[in-house]
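Undergrad: Starting off with a structure, shown below.
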Amino acid sequence: MRVAPCVVGLLVCFMSAAAGETKDAWLGCWTRIYDADHLAEHRAQDVIAIGVLIMPRPDAGPDKYLARVQLKVRDKPEVHTNFSGAHCRQAGARLHCLAKDPAQGNFWLKPSGNDMELALTAAGEGLEVVPPSNPQGFVQILPQNPEHQRFLMHPAAPGACKL
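Okay, so the sequence shown: first residue is 0 according to numbering that gives the first Met the number 0, each after it adds one.
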């Protein structure tokens, strides 16, 4: 039995689509827990652990992603987070993420191999996070502290983003 080339092409396309959609490289969880040696060398770094979960925002126009950030900081037992997340849009090879109030979240995410980098490099950028038990007990991470300008995180299972 001969099958026309166009039918073969359609079958290949259909089978490729049925095999699964292309994975969106932005989606996922990245974390970093800094060890004692690192923290001893970087005494001005307040962040001792960081997790970023990037999720889709369906029908969100150019802001296709939502980034939730969790931090543990020195001398505070609670996990701090940006509960509402930040809406992110792709800008070239990076995501620019903004909270409703830019003072609570204005940062960049950029892939670095399999890792993800959160960057705060300019005035006006930063991240404000709060513990769940005390919304008034916020912590600000600002680029004026050189130790808070870049955080390189490694891929992790989605549940690991809850520090």
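In this text, a Cβ means the ideal position worked out from N, Cα and C, and glycines have one as well.
Following the continuous beta strand (DSSP E) through leucine 176, name the residue where it begins and the one where it ends.
TA: In the structure as shown, the chain begins at 0 and stops at 162. Residue 176 is therefore absent and cannot be evaluated.
Undergrad: Secondary structure at glutamine 143, three-state DSSP: helix, strand or coil?
TA: Translated into the one-based positions of the sequence shown, residue 143 becomes position 144. In this structure, glutamine 143 counts as coil in the three-state DSSP scheme.
Undergrad: Out of Ala156, Val46 and Gln103, which one is the CA nearest neighbour of glutamine 135?
TA: Working through the sequence shown from its first residue, we reach residue 135 at position 136. Among Ala156, Val46 and Gln103, the Cα nearest to that of glutamine 135 is on Gln103.
Undergrad: Mind checking which residues open and close the beta strand (DSSP E) that includes tryptophan 29?
TA: Here residue 29 corresponds to residue number 30 of the sequence shown, with the count starting at 1. Element bounds for tryptophan 29: 27-32.
Undergrad: Between the Cα of aspartate 34 and the Cα atoms of Ala24, Ile47, Asn133 and Arg73, which residue gives the shortest distance?
TA: Within the sequence shown, numbered from 1, the residue matching residue 34 stands at position 35. Here the closest residue by C-alpha is Ile47.
Undergrad: Rounded to whole angstroms, what's the CA-CA distance from alanine 39 to aspartate 45? Just pull it up for me.
TA: Indexing the sequence shown from 1 puts residue 39 at position 40. Indexing the sequence shown from 1 puts residue 45 at position 46. Cα-Cα distance, rounded: 11 Å.
Undergrad: Could you tell me which residues DSSP puts in a beta bridge with phenylalanine 150?
TA: Reading the sequence shown from its first residue, position 151 is the one you call residue 150. For phenylalanine 150, which the question treats as bridged, DSSP gives the partners Leu117.
Undergrad: Is the beta carbon of cysteine 96 less than 7 Å from the beta carbon of alanine 66?
TA: As a first step, residue 96 is located in the sequence shown; it is residue number 97 there, counting from the start. As a first step, residue 66 is located in the sequence shown; it is residue number 67 there, counting from the start. Contact: yes.
Undergrad: So what's glutamine 103 in DSSP terms, helix, strand or just coil?
TA: Locating residue 103 in the sequence shown gives position 104, counting from the first residue. In the structure shown, glutamine 103 sits in a helix (DSSP, three-state: H, G or I).
Undergrad: Measuring only the C-alpha atoms, how far is leucine 94 from cysteine 87?
TA: Looking up residue 94 in the sequence shown gives position 95. Looking up residue 87 in the sequence shown gives position 88. In a straight line, the C-alpha of leucine 94 is about 6 Å away from that of cysteine 87.
Undergrad: Apply the 10 Å Cβ neighbour rule to threonine 21 and answer buried if 16 or more other Cβ atoms are within range, or exposed otherwise.
TA: The residue you call residue 21 lines up with position 22 of the sequence shown. So threonine 21 counts as exposed.
Undergrad: List the whole-angstrom C-beta distance separating leucine 119 from glutamine 148, where the pair is believed to meet the contact cut-off of C-beta under 8 Å.
TA: Position 120 of the sequence shown, counted from the first residue, corresponds to residue 119. Position 149 of the sequence shown, counted from the first residue, corresponds to residue 148. Going by Cβ atoms, the distance from leucine 119 to glutamine 148 rounds to 5 Å, so yes, they are a contact pair.
Undergrad: Might you give, ordered along the chain, the residues of its own chain that have their beta carbon closer than 8 Å to the beta carbon of alanine 24, omitting 5 neighbours on each side?
TA: Mapped onto the sequence shown, residue 24 falls at position 25. Closer than 8 Å at Cβ, skipping near neighbours: Pro110.
Undergrad: Closest to asparagine 133 by CA distance: which of Glu124, Lys75, Asn144 and Lys99 is it?
TA: Position 134 of the sequence shown holds residue 133. Comparing Cα-Cα distances from asparagine 133 to each of Glu124, Lys75, Asn144 and Lys99, the minimum goes to Lys75.
Undergrad: Taking a contact to mean a Cβ-Cβ separation below 7 Å, would you say leucine 70 touches isoleucine 49 in this structure?
TA: For the purposes of this step, residue 70 is taken as residue 71 along the sequence shown, with counting starting at 1. For the purposes of this step, residue 49 is taken as residue 50 along the sequence shown, with counting starting at 1. Yes, Cβ-Cβ distance for leucine 70 and isoleucine 49 is below 7 Å.
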